[in-house]
Each structure stands twice: as C-alpha cells, then as structure tokens.
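This report concerns only the one structure given below.
Number of protein chains: 2
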Amino acid sequence: MSNFEAFFDYIQEISGKPLSEDDEQLLMAHFKPKKFRKRQYFLQEGDVCKYIGFIVKGSARTYTVDDKGHEHILKLSLENWWLADFESFYKLTPSRFNIEALENLEVLQSTNAQIEEFLKDIPAFSAMANVISQNNTIATQKRMQTAMSYTAEERYEDLISNYPQFLQRFPQNMIASYLGLSPETLSRLKKNSSK
Amino acid sequence: MSNFEAFFDYIQEISGKPLSEDDEQLLMAHFKPKKFRKRQYFLQEGDVCKYIGFIVKGSARTYTVDDKGHEHILKLSLENWWLADFESFYKLTPSRFNIEALENLEVLQSTNAQIEEFLKDIPAFSAMANVISQNNTIATQKRMQTAMSYTAEERYEDLISNYPQFLQRFPQNMIASYLGLSPETLSRLKKNSSK
DNA sequence: ACTTTGAATTGACCTATATCAAGCGTATTT
DNA sequence: AAATACGCTTGATATAGGTCAATTCAAAGT
Chain A
1 MSNFEAFFDY IQEISGKPLS EDDEQLLMAH FKPKKFRKRQ YFLQEGDVCK
51 YIGFIVKGSA RTYTVDDKGH EHILKLSLEN WWLADFESFY KLTPSRFNIE
101 ALENLEVLQS TNAQIEEFLK DIPAFSAMAN VISQNNTIAT QKRMQTAMSY
151 TAEERYEDLI SNYPQFLQRF PQNMIASYLG LSPETLSRLK KNSSK
Chain B
1 MSNFEAFFDY IQEISGKPLS EDDEQLLMAH FKPKKFRKRQ YFLQEGDVCK
51 YIGFIVKGSA RTYTVDDKGH EHILKLSLEN WWLADFESFY KLTPSRFNIE
101 ALENLEVLQS TNAQIEEFLK DIPAFSAMAN VISQNNTIAT QKRMQTAMSY
151 TAEERYEDLI SNYPQFLQRF PQNMIASYLG LSPETLSRLK KNSSK
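So the protein sequences, as listed, match chains A and B.
In terms of UniProt numbering, the first sequence opens at residue 1 and continues consecutively.
In terms of UniProt numbering, the second sequence opens at residue 1 and continues consecutively.
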C-alpha cells in the first residue's frame, strides 16, 4: 500500500537500517491509516493523547490557549513528521494542547503500548527513535535560542531559511503565532524587509 | 568511591533498573572525575563538545553571545544533571554555546564513543537515556510554551514554583538572563510582586 | 450569483520591557 | 585595610511590538 511505502522509506532512511519483511508486516498490522478533514482535531485540550501519528499527507498545528484567550502555536507539522503531544502520550496525562488539521490530513497512527513493542522488536524502529529524539533535542534548543536572542525580524528571516515550505503551506497569521508575533506585526515586518 | 555512589543511585532511580557489579565497574572505568573552578569553562564557543558531564557537585550555565554582544542563558545546571551541548556532542560539530562553572564544579565525564558503548552494554543506562530524552522533550516544550504565552512576571512565578533551588543557587542577574529579561526588569518585578 | 467569513493590510495609539545612567552596599583581590 | 569590582536597586527615557479599529480582498458556503 503506497501509504506505507513512504513510511518504510522514512524509517530506513532516518535509522540507516533496513526493515525486514516481517518488520513491515508488523508495522502494517499496528499502524492504522486515519483521515482528518481540515479543521478537525487530532487532539483536544484535556484529552489524553492516546495516539501518535505519522503524517502521510496534509498539515497540522499544535497550539495552546492562554488565560486571556490568545492562541499560541508551538508546532507546525507537515508530511513525514510525527504528530503528538509527547508529554501526554508518554505519561498518559491530559494534554494542555490542541492539535488541529490545517489541511485534510492523513496519518498512520498507533498507541503508546504498540510503540513500546516496536522499539523492542524492530531494530530500525528503535534506531529511528533515538535519532529523532536527538534531532528533537537539538531543534528545540535551537528554537529556544532563536526565540531568546533574535528580534522579530531575525526570527522571520531564520524561519524563511530553515523552513521555506512553511510560507507556501501555512497562512501568515499561523506563521506569526508560531514566531510569537501578532499578525499585524508580521505584516508590517514583511513590508519593511522587502524595502 | 562516594562520587560514584550518587551517580549509580541516580541511574537506577531514573531507569528503574538495577546496575550489576560489572555495570558499575564499567562505568567507573570510563567516567572520569574532573574538577572545574568557579569561572572555568567546561566548553567554549567554537570548540567541539567532546565530553558529557554528570554534575556531582556545583553548578554551571550554558549561554550564547549574540551579535550585539549580549549574553543569553539557555540552561542553568545543578547536581544530578547532565552537562553538554548535545548538538555538538552528538554531531561532533563546533558549539555555539559556552558552558561555564558558576561555582566550583565536580563532574564525571565521558566521551560520545564511550556513551554509545554504555547504551549497548548496560540496560539500565540505555533505559535512563530514554527517560531523560523524554523528560527533556517535555521540559523544553514546556519552557517554550511558557516563554511564548506568559508575561515576565508569570515566567518568574513559574520559575519559583518549578525550580525554587535556583533562587538560592544563582545570582539574580543570571536568573534574569535565563528568563529572557534584563536584570533591571527582574529587580523591579520582584519589588512589585511583593506588594 | 450572493452572502458571509476570514485573512491581510494599514493607521493611531498603548504598554511592557530594554537601555542608559547613577548610586549603594558587599564581596573579592591585593 | 584599602582598592576594586560586581550585584542590586532606582529613575528617566526609548522602543519594539501589541492592541484596537477600519478597509479591502479573496475564498468558501448557500
């Protein structure tokens, strides 16, 4: 099934290890294809994040709502990324986040218990998990540094060079929220930087 | 050696698995005790972070210097925490960070290559690594959310409730930098919140 | 086709926080 | 003990970015 081909390629590429026939059978048996329509929620605040999803197609945003009712986007996700609130997923505690499909979304999803099995039984999967966790540590640290040390304009420039796809795929107000800016500020900032 | 006792306890507690005699011998053979005096650097910008250190005693800060020459503290570290720039450590690339001892510092340190061995050979060590990586993911996500959604004052309150030790161990200007504030702002903020 | 909704832009104004500067007290250094 | 440096506070001022409101335009729903 073509859904899974991209998934298998991804695992092998990231992990640097091959998947056997059996491995692939096992993954297919326990990763369920699931579709979400635009605006639908993969996860809602207060719920436990029971599933982790691998995005086959589409996009999503992870956001919180603060006391004043303002939304803050923490993550924007595209194809070949994992979708979950990891805190809730690992600890099975209620999530503080919402994960909403921004375009029609297709994922392959599985549960925490299943993932534990894969980690034990599939060397490529376990190697992948380690690489992802490293990358994740690095990326979050970078983002934190960027948020602390750079001005709004520098953060926008940084986004353009690191994730140019974002500009194509996400509306500007989402990008603004992801950068920690009001939509107005981002709009003005673009006008000035083009001069 | 009492240095190692605390280290072994830590590994077993975090991982939930026991260390055998052999495991402990192996760790002692390849984790080297190292001391740094206050103000000494564990890592300097531009160098590769060859070692990861487990803090037995003392404290340190991880910071960058931006284009305008301003320092930004990304991490404040105390006993039973790991000390490294993980990006540089994993990838063996030059670091953008400085890690400086804020008090006299005692660590147990080892290299990337050795850590790989431990992960393979010591189940408790590998389990610990997974837990730490999960915790780390969760903590950074939380910090990111806090930085984005909260005002300076709320971030300070948050720090007080999550890391009360910090107030005892770190000077106020370091705390300010960690919170992304100028020392003046933090000073004023304390005055107002006590009212 | 008509209506509604929502994204983007622009202007006027406001506020949180930074910056600059001075003064004070307490560690550190010599 | 004197000298120096450094951390903290306080005041005056500057500024980046937020908020509120109005307008335009395009997309989506009926």
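Beta carbons are placed, not taken as given, at the ideal position from N, Cα and C, and that holds for glycine.
| task | Determine the DSSP secondary structure at residue 195/B, reduced to helix, strand or coil. | result | Confidence in residue 195/B is poor, its pLDDT being 48 and thus under 50, which makes the residue's placement too unreliable to answer from.
| task | Quick one: residues in its chain with C-beta nearer than 7 Å to the C-beta of residue 121/A, no 5 flanking neighbours on either side, listed in chain order? | result | 26
| For residue 142/A, the three-state DSSP class (helix, strand or coil) | helix
| message | Which residue marks the beginning of the beta strand (DSSP E) containing residue 175/B, and which one marks its end? | response | Premise fails: residue 175/B lies in the alpha helix (DSSP H), 172-179, not in any beta strand (DSSP E).
| said: Closest to residue 81/B by C-alpha separation, out of 190/B, 151/B and 105/B, would be which residue? | reply: 105/B
| Does the beta-carbon distance from residue 107/A to residue 48/A come in below 8 Å? | no
| field | Closest Cα partner of residue 13/A within the set 124/A, 138/A and 151/A | value | 124/A
| said: Please classify residue 184/A as buried or exposed, where buried requires at least 16 other C-beta atoms within 10 Å of its C-beta. | reply: exposed
| If we ignore side chains and look at the alpha-carbon of each, how far apart do residue 61/A and residue 53/A end up? | 13 Å
| Residues in the UniProt domain "Cyclic nucleotide-binding" (34-120) of chain B with C-beta within 7 Å of chain A's C-beta atoms, listed in sequence order? | 64, 66, 72, 74, 86, 87 and 90
| task | Would you check if the distance between the CB atom of residue 170/A and the CB atom of residue 101/A is smaller than 8 Å? | result | no
| Identify the residues that DSSP records as bridge partners of residue 83/B: which are they? | 53/B
| said: In the DSSP output, which residue or residues are listed as bridge partners for residue 72/A? | reply: 64/A
| request: List the residues of chain B whose Cβ lies closer than 9 Å to the Cβ of residue 136/A, in chain order. | output: 133, 136, 137 and 140
| task | Using DSSP bridges, identify the partner residues of residue 99/B. | result | 43/B and 62/B
| query | Any contact of the stretch 136-156 of chain B with the stretch 65-76 of chain A, i.e. 3+ C-beta pairs under 8 Å? | reply | yes
| task | Check whether the Cβ of residue 195/B lies closer than 8 Å to any Cβ atom in chain A. | result | Summary for residue 195/B: the model assigns pLDDT 48, below 50, so the residue's position carries little reliability; its value from the coordinates is reported in the next sentence. Residue 195/B does not count as touching chain A.
| request: Go through its chain and collect everything with a Cβ distance to residue 11/B's Cβ below 7 Å, but skip five positions before and after it. | output: 19, 124, 125 and 128
| message | Between 154/A, 114/A, 16/A and 23/A, which has its C-alpha nearest residue 4/A's C-alpha? | response | 23/A
| Rounded to a whole number of angstroms, what is the C-alpha to C-alpha distance between residue 21/A and residue 33/A? | 19 Å
| query | Using 8 Å as the limit for Cβ to Cβ distance, is residue 183/B near chain A? | reply | no
| query | Does DSSP put residue 78/B in a helix, a strand or coil? | reply | coil
| message | For residue 15/A and residue 8/A, what's the separation of their Cα atoms in angstroms? | response | 11 Å
| said: Less than 8 Å between CB atoms is the rule here; does residue 143/A satisfy it with respect to chain B? | reply: yes
| request: Please check if any C-beta of chain B sits within less than 8 Å of the C-beta of residue 28/A. | output: no
| request: Return yes when the Cβ of residue 83/A is within less than 8 Å of the Cβ of residue 144/B, no when it is not. | output: no
| said: Since residue 134/B and residue 98/B should fall inside the 8 Å C-beta cutoff, what is the C-beta to C-beta distance between them, to a whole number of angstroms? | reply: Rounded, the Cβ-Cβ distance is 27 Å, inconsistent with contact.
| task | Taking only beta-carbon positions, decide if residue 180/B is within less than 8 Å of chain A. | result | yes
| field | residue 124/B: contacting residues in chain A (beta-carbon distance under 8 Å) | value | Simply none; closest approach about 16 Å.
| task | Determine, using beta carbons only, whether residue 176/A comes closer than 8 Å to chain B. | result | no
| query | Can you tell me the Cα-Cα spacing of residue 180/B and residue 28/A, whole angstroms? | reply | 46 Å
| task | With DSSP as the reference, please indicate the residues paired to residue 184/B in a beta bridge. | result | Residue 184/B is not bridged to any residue.
| request: At 8 Å on the CB atoms, spell out the chain A contacts of residue 149/B, in chain order. | output: 64, 66, 70 and 72
| query | Which residue's Cα is closest to the Cα of residue 70/B: 188/B, 191/B, 178/B and 189/B? | reply | 178/B
| message | Is the beta carbon of residue 58/A closer than 8 Å to that of residue 94/A? | response | no
| request: Quick one: give me the first and last residue of the alpha helix (DSSP H) that residue 118/A is part of. | output: 112-121
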